[in-house]
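Asks:
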Amino acid sequence: MSDKLIKCEINNKEIEVSEGTSIIEAFKKLDQPIAHYCWHPGLSVAGVCRLCMVEIEGIPKFQIACNTKVTEGMKISNQSEKIKAAVRWGLEFHLINHPLDCPICDQAGECELQEQYMQFGKYSPNMSENKVKKRKVVDLGSKIVLDSERCILCSRCVRFTDEISKTHELGIFNRGDKSEIGIFKDKPLENEYAVNTVDICPVGALTSKEFRFKQRVWYLKTADSICTGCSTGCNIEVDYNEEGLFRARPRYNKEINGYWMCDKGREIYRLPNRIGRLWKAKVPSSDSDKSSYSIGSVAALKKIRKLFLEKGSDGDSYSKNGLKADEAILILTAQYTTEEYEDLISFFLQFLGSKESIFYWKNNPENFDDFDGLLLRGDKNPNTKGLLEILQKKEALNPWEHLQKTLEEKKVGTIWVAGPENQKVYPDIEEKLRYFESHCENIIWWTAHPLLDSQKVWQIPIKTFFEKEGTIINFAGRAQKIKAVSFFVPSALSLSESVVILRGEELKRSEPPFLKAPRKANHFTYRKKVL
Amino acid sequence: MSRVQRKNSAAVWFLPPILKGLIFTFKKMLSNLSRKNKMLTLNYPEEHYSYGPRFKGNHILTVKKDGSLRCTACMLCATHCPANCIKILASEHESPEVEKYPIAYEIDILRCVFCGFCEEACPVDAIRMGPEWQTAGINGSSFVYDIKYLAKRDSLKGGGVLSRVDDQERHKAGI
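Those sequence lines, one after another, are chains A and B.
Start counting the first sequence at 6; every next residue gets the next number (the numbering used here).
Start counting the second sequence at 5; every next residue gets the next number (the numbering used here).
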C-alpha cells in the first residue's frame, strides 16, 4: 500500500484514503453501515457472502465492496432502495437453511446474523421448502464444537487456519446446499490459536468448549485488559459479571497482537475467579494441631510489621529475635506491575536488606526465550522487562546462584517472596518453596492461590492483574497500562498496598474493597419506554 | 378524632340514608337465607373458588413425551423476569438433538410477582403459570421451588404437564 492519498465519496461524504484501500475499509473508516460476513480485516478477501454490495457511479452493476479498490474520484453509495433490497435478499438466502436455534445457541446476543438481520434484513421469510439438515454438535478437537446447520460458509475459519495459524485443519467439503465445514480424518483442530476461529465466526457454528453454556452473553460486561499469560502482552477484553470472569478475547492492537491471541492466554480468565483463591491471609499458628490460621490480610501485615519491623531495643536497627535486618532476602517474580516493584524494592532497601539480597526468580530458564513465530513466548511472565529495568536501576540484579550460596552459608531470618500469580507456569514452585522453608525462619509469601500450609509460611492474598492498576512492560519494552476490571476477593491487596501497611501508614483504598453482587439490570423493564 | 360538622340543612336528614342501608342489608340476608347457592361468600378452607384457565398461579415446567424436561435453558425467562427470581444452570446434554438442558432451575416464589413474563418469553412452552395459588410453607427454604417440584410435584398427578411444542414434529415440518 503506497502512501499516496486518493479522494473518494461515500454516501455523499468525502474521504481520503491511501491507494489500494478496498471500499469496505473506507466504509469502516467513515463508520458507514455496511453488511458483511466473510470479510475480516485480519484475513484475506474471499468475496463469498455477497452482502457488501455497493453502487459505484459509472458502473451499471452492483459491486462487492470488499474486493473492489477505491480509485480517484470514485462515488460510492449503498443507500438506494435497490441496493437495500439486494442486501435484504442476499441475507434471506443466507438464512434459508439456518436453524431457529437462537435459544440454545451460545452466539445469541453477539451474533452478526441477528445484528445484521435487525439492521439490514427485517423481511418476512418466503421459503416454503424444508430446511436442509446437517450435522450438529460435531467435535472438532479438545477446544471447539461445530454446528454445521448454523454455518453460513463465510470461510473465515478456513482462511484463518490457512493464513494465520498455517495449520490447514479446516476445509469446506461437498457442494451446493450440502457443503459444510469440516476437518480431515485424524487431524483435529488442535493448534495453539484454534479458539480465534470461534471469535471470528459470525454465527454460532463454532463454539468454544470452555465457554459453552456457562453464561448468556447479555449477562456479561466487557472490560479492556492485557493478557498476562506471557511476555507478549496481547491486548484483550474480558467478559465478567459479579460471579467472576468468564472468558478473554483478543482486542485489536496493530503493534502487538493484531486481531489474535493464543489459546493458552485465554486460560488466564480463571486466575482471578474465587474458586481456588486465597481468601484470607494465613498466619503460622503456635498450636500443635494446626500449622496456620486465617486472619484478614491487613491484620496479618500489621502482625508482620510488629514482629519483623518494629524498632529493637537499641533504637535504630530493625531486628527480630536478635537477627539483624540485613539477614532478610527478597525474591521477586515477574508477575507484578512496575509500580508495585518500585514500592516494594524501595521499602525493602529502606528497612530490611541490602542490594545484594534481592533476587529475581526465573521460572523456566530452559525454554525462556522460545517464540513460536506468531505470539506465544516462552517467558510466561508479563512484566519481566519491567522488573529487570527496575533491578538494573537500583543496581540490585544478583544472580540466582548467589541466593543458593547465601542460603547454604548462613541462617536467614526472613525470606520475602512476591510469589507468582499464575502458579502453573512455575513447575518447580513447591520444590523451591520447601527449599526456602528449610533454610530460613519465616517466609512472607504474597500469593493469589494458597500453596503450602506450614508453620513457617505467612501467606498474604494478592490482587490479580484484573483487580489492580499499573504498568506492565512487554518483551519489546512497550509499557502498557492496565485498569482494574472488578474485585473478587475482598481482602486481597496489591504489593503497593501491602507496603503502605508495612510502613505503618493508614491504607486508603480508592476503589470499593469488594464488588457486591448488584441487582441484575433487566433491559426489558429498564428500557421499556424506549422500546 | 376530628369530626366534620356540616352546617347545611341536608345534613340534618341523616335518617333516610341509614334506613336505605339497613334495607339493603336485610334484603341480602333474606335472599341468602332463601337462595343459599347464590351466596357470594365461600366457606374458605372447605370450599375453593376455581379460577379461569388464564389464572397466573405457581409455575409448572412442562415435559416432553418421553418425560424429560422441555426446558432448553435458554434463560429468556430469567432475562425477562422483573423480580429476578429465576436461577438456571445449563449443561451439555449427551444427545445432540437436545444439546442444552437445565441441571438446576429454581424459582424464588416469594420474590415472584406473578406477572407471567416468563411464560410469554419462553419460546418452547416450557414454563407455564398453573392454577395453584395456595403457597403455604414452613420456612423460607420451602418457597424456593426446585426443578423437581416445578416439573413433577404431586399435585400435577404424576408425569408432569405435556408441552405443546415438540422437536420431532417441528423437524418433520421442516423447521
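Cβ coordinates follow ideal geometry from the N, Cα and C atoms, glycine included.
(1) Per the DSSP calculation, residue 413 of chain A is bridged to which residue(s)?
(2) DSSP three-state call for residue 45 of chain A: helix, strand or coil?
(3) Can you give me, in chain order, the residues of the stretch 346–360 of chain A that have a beta carbon less than 8 Å from any beta carbon in chain B?
(4) What separation, rounded to the nearest whole angstrom, lies between the Cα atoms of residue 170 of chain A and residue 196 of chain A?
(5) Can you tell me whether DSSP reads residue 385 of chain A as helix, strand or coil?
(6) Between the C-alpha atoms of residue 188 of chain A and residue 274 of chain A, what's the straight-line distance to the nearest angstrom?
(7) At a Cβ threshold of 8 Å, is residue 193 of chain A touching chain B?
(8) Name the residue from A:514, A:405, A:144 and A:393 whose alpha carbon lies nearest to the alpha carbon of residue 2 of chain A.
(9) Is the Cβ of residue 108 of chain B closer than 8 Å to any Cβ of chain A?
(10) For residue 153 of chain B, which beta-bridge partners are listed by DSSP?
(11) How is the alpha helix (DSSP H) around residue 222 of chain A delimited, first residue to last?
(12) 8 Å is my cut-off, CB to CB: does residue 154 of chain B come that close to chain A?
(13) For residue 133 of chain B, report the span of its beta strand (DSSP E) as first-last.
(14) Assuming contact is defined by CB atoms lying nearer than 8 Å, are residue 282 of chain A and residue 453 of chain A in contact in what I supplied?
(15) Give the list of continuous alpha helix (DSSP H) stretches no shorter than 4 residues that lie fully inside the stretch 93–147 of chain A.
(16) Alpha carbon to alpha carbon, how far is residue 99 of chain A from residue 150 of chain A? Give it in angstroms, no decimals.
(17) On the DSSP bridge list, what partners appear for residue 63 of chain B?
(18) Which residues mark the beginning and the end of the alpha helix (DSSP H) in which residue 490 of chain A is found?
(19) According to DSSP, is residue 74 of chain B helix, strand or coil?
(20) When the Cα atoms are used, what is the spatial distance from residue 142 of chain A to residue 217 of chain A?
(21) Determine the chain A residues that contact residue 66 of chain B at a beta-carbon separation under 9 Å, and present them in chain order.
(22) Would residue 109 of chain A count as contacting chain B if we go by Cβ distances under 8 Å?
(23) Where do the N-terminal and C-terminal ends of the beta strand (DSSP E) with residue 229 of chain A fall, by residue?
(24) Can you tell me whether DSSP reads residue 534 of chain A as helix, strand or coil?
(25) For the stretch 166–177 of chain B, list every residue whose C-beta sits within 7 Å of some C-beta in chain A, in sequence order.
(26) Under 8 Å between beta-carbons, which chain A residues line up against residue 60 of chain B? List them in chain order, please.
(27) Is it buried or exposed for residue 348 of chain A, if we count other Cβ within 10 angstroms and need 16 for buried?
(28) Does residue 193 of chain A come out as helix, strand or coil in the three-state DSSP assignment?
(29) For residue 136 of chain B and residue 47 of chain B, which I take to be in contact (beta-carbon distance under 8 Å), what is that distance rounded to the nearest angstrom?
(30) Taking any Cβ of chain B, which residues in the stretch 218–239 of chain A have a Cβ under 9 Å from it, in chain order?
(31) Compare the Cα-Cα distances from residue 2 of chain B to each of B:118, B:152, B:9 and B:16 and report the closest residue.
(32) Give the residues of chain A in contact with residue 95 of chain B, contact being defined as C-beta atoms less than 9 Å apart.
(33) Would you say residue 159 of chain B reaches chain A, if we count a Cβ-Cβ gap shorter than 8 Å as a contact?
(34) Using a beta-carbon distance cut-off of less than 8 Å, what residues from the stretch 399–432 of chain A approach chain B?
Replies: Walking through what the data contain:
(1) Translated into the one-based positions of the first sequence, residue 413 of chain A becomes position 408. None; residue 413 of chain A has no bridge partner.
(2) Counting from one through the first sequence, the residue named residue 45 of chain A turns up at place 40. In the structure shown, residue 45 of chain A sits in coil (DSSP, three-state: anything other than H, G, I, E or B).
(3) Contacts with chain B (Cβ-Cβ distance below 8 Å) from the stretch 346–360 of chain A involve no residue at all.
(4) Here residue 170 of chain A is taken as the residue at index 165 of the first sequence, counted from 1. Here residue 196 of chain A is taken as the residue at index 191 of the first sequence, counted from 1. Between residue 170 of chain A and residue 196 of chain A, the C-alpha separation is close to 7 Å.
(5) In the first sequence, the residue the question calls residue 385 of chain A occupies position 380. If DSSP states are grouped into helix, strand and coil, residue 385 of chain A belongs with coil.
(6) Taking the first sequence and counting its residues from 1, one reaches residue 188 of chain A at position 183. Taking the first sequence and counting its residues from 1, one reaches residue 274 of chain A at position 269. Straight-line spacing of the CA atoms in residue 188 of chain A and residue 274 of chain A works out to 28 Å.
(7) Position 188 of the first sequence holds residue 193 of chain A. Taking Cβ atoms only, chain B never reaches closer than 8 Å to residue 193 of chain A, which makes this a no.
(8) There is no way to answer for residue 2 of chain A, as the model of chain A reaches only from 6 to 536.
(9) The residue labelled residue 108 of chain B in the question sits at position 104 within the second sequence. No, residue 108 of chain B does not count as interfacial toward chain A.
(10) Within the second sequence, numbered from 1, the residue matching residue 153 of chain B stands at position 149. Under DSSP, residue 153 of chain B shares a beta bridge with no residue.
(11) Here residue 222 of chain A is taken as the residue at index 217 of the first sequence, counted from 1. In the DSSP assignment, residue 222 of chain A falls outside any alpha helix (DSSP H), carrying neither H nor E.
(12) Working through the second sequence from its first residue, we reach residue 154 of chain B at position 150. For residue 154 of chain B, the answer is no, since every Cβ of chain A falls outside 8 Å of its Cβ.
(13) Here residue 133 of chain B is taken as the residue at index 129 of the second sequence, counted from 1. Residue 133 of chain B -> beta strand (DSSP E) spans 131–133.
(14) To locate residue 282 of chain A, count along the first sequence from 1; it is residue 277. To locate residue 453 of chain A, count along the first sequence from 1; it is residue 448. Taking 8 Å as the Cβ cut-off, residue 282 of chain A and residue 453 of chain A qualify as a contacting pair.
(15) Runs of the alpha helix (DSSP H) spanning 4 or more residues and lying entirely within the stretch 93–147 of chain A occur at 117–121, in chain order.
(16) By 1-based counting over the first sequence, the position of residue 150 of chain A is 145. By 1-based counting over the first sequence, the position of residue 99 of chain A is 94. Per the coordinates, the alpha-carbon of residue 150 of chain A lies some 21 Å from the alpha-carbon of residue 99 of chain A.
(17) Stepping through the second sequence from its first residue, residue 63 of chain B is reached at position 59. According to DSSP, which records beta bridges pairwise, residue 63 of chain B is partnered with B:133.
(18) Here residue 490 of chain A refers to the residue found at position 485 when the first sequence is read from its first residue. Counting along the chain, residue 490 of chain A falls outside any alpha helix (DSSP H), and DSSP gives it neither H nor E.
(19) Taking the second sequence and counting its residues from 1, the one referred to as residue 74 of chain B is at position 70. The DSSP-derived three-state label of residue 74 of chain B is coil.
(20) Counting from 1 along the first sequence, the entry for residue 142 of chain A is found at position 137. Counting from 1 along the first sequence, the entry for residue 217 of chain A is found at position 212. Distance between the alpha carbons of residue 142 of chain A and residue 217 of chain A: 11 Å.
(21) Translated into the one-based positions of the second sequence, residue 66 of chain B becomes position 62. Per Cβ cutoff of 9 Å: no residues; residue 66 of chain B is ~15 Å from chain A at best.
(22) The residue you call residue 109 of chain A lines up with position 104 of the first sequence. Taking a beta-carbon distance threshold of 8 Å, residue 109 of chain A counts as an interface residue toward chain B.
(23) Here residue 229 of chain A is taken as the residue at index 224 of the first sequence, counted from 1. From DSSP, the beta strand (DSSP E) with residue 229 of chain A extends over 226–231.
(24) In the first sequence, counting from the first residue as 1, residue 534 of chain A sits at position 529. The pLDDT assigned to residue 534 of chain A is 43, lower than 50, so where the model puts this residue is not dependable; a value taken from the coordinates is nonetheless given after this. Note: residue 534 of chain A maps to coil in three-state DSSP.
(25) Taking 7 Å as the upper bound on Cβ-Cβ separation, chain A lies near no residue of the stretch 166–177 of chain B.
(26) Along the second sequence, read from residue 1 onward, the residue named residue 60 of chain B stands at position 56. Result: empty, since nearest Cβ-Cβ is about 17 Å, beyond 8 Å.
(27) Taking the first residue of the first sequence as 1, we reach residue 348 of chain A at position 343. Answer is buried; the Cβ neighbour count reaches 16.
(28) Along the first sequence, read from residue 1 onward, the residue named residue 193 of chain A stands at position 188. Here residue 193 of chain A sits in coil by DSSP.
(29) To locate residue 136 of chain B, count along the second sequence from 1; it is residue 132. To locate residue 47 of chain B, count along the second sequence from 1; it is residue 43. Approximately 20 Å separates the beta-carbon atoms of residue 136 of chain B and residue 47 of chain B; this is outside 8 Å, ruling out the contact.
(30) Residues of the stretch 218–239 of chain A that bring their beta carbon within less than 9 Å of a beta carbon in chain B comprise 218, 219, 220, 221, 223 and 224, in sequence order.
(31) Residue 2 of chain B is absent from the structure shown; chain B starts at 5 and stops at 179.
(32) Along the second sequence, read from residue 1 onward, the residue named residue 95 of chain B stands at position 91. Per Cβ cutoff of 9 Å: 218.
(33) Reading the second sequence from its first residue, position 155 is the one you call residue 159 of chain B. Chain A contact via Cβ: absent.
(34) The residues in question: there are none.
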